[in-house]
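Single-structure report; data block below.
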């Protein structure tokens, strides 16, 4: 088990948000409209704290979704499907298909090297769910209506803990 204190300095912080509405079909991984967010890691022993929140809904048979985290295009944390979490993220879909699920994740990564690190969060319906999932909207959302939402991601480089 790793332990540390947050009394170490925050050396770098980047953030992004998006209210773009995107959708994806069936059992594939789909990136949040934020896409990849890049932070320049200054020290190989520092950690990166990832804070993430978004709204996802669907018009599908699936009642939950899996999420995964990528660093520079490679998976570093994942859920195998909506049921086998492997220590990763999961969120439920609202049964009515009109309300979005709030998906929030806090994760820390120890990349072990310096330089640019690009983090991306992806979602997919549970295996066998079918249908379409929507980011920042529901299947009832039209352009600019009150059902839309916004996704957020913040990356912080924390000094050696």
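In the working numbering, the protein residues as written are 594 to 754.
For every residue, glycine included, the Cβ atom is placed at its ideal position computed from N, Cα and C.
Within the same chain, Cβ atoms closer than 8 Å to the Cβ of residue 668 are found at 661 and 662, the five residues on either side in sequence being excluded. For residue 744, the closest alpha carbon among the candidates 644, 606 and 708 is that of 644. For residue 669, the three-state secondary structure derived from DSSP is strand. Distances from the alpha-carbon of residue 725 to those of 617, 604 and 612 put 617 closest. The C-alpha of residue 630 is placed about 8 Å away from the C-alpha of residue 746. DSSP places residue 633 in the strand class (E or B) of the three-state scheme.
Secondary structure note for residue 608: its beta strand (DSSP E) is the uninterrupted segment 603-611.
In the DSSP annotation of this structure, residue 626 is not part of any beta strand (DSSP E), being labelled neither H nor E. Residue 713 counts as buried, since at least 16 other C-beta atoms from the protein chains shown sit within 10 angstroms of its C-beta.
As computed with DSSP, residue 750 is found in a beta bridge with 605 and 641.
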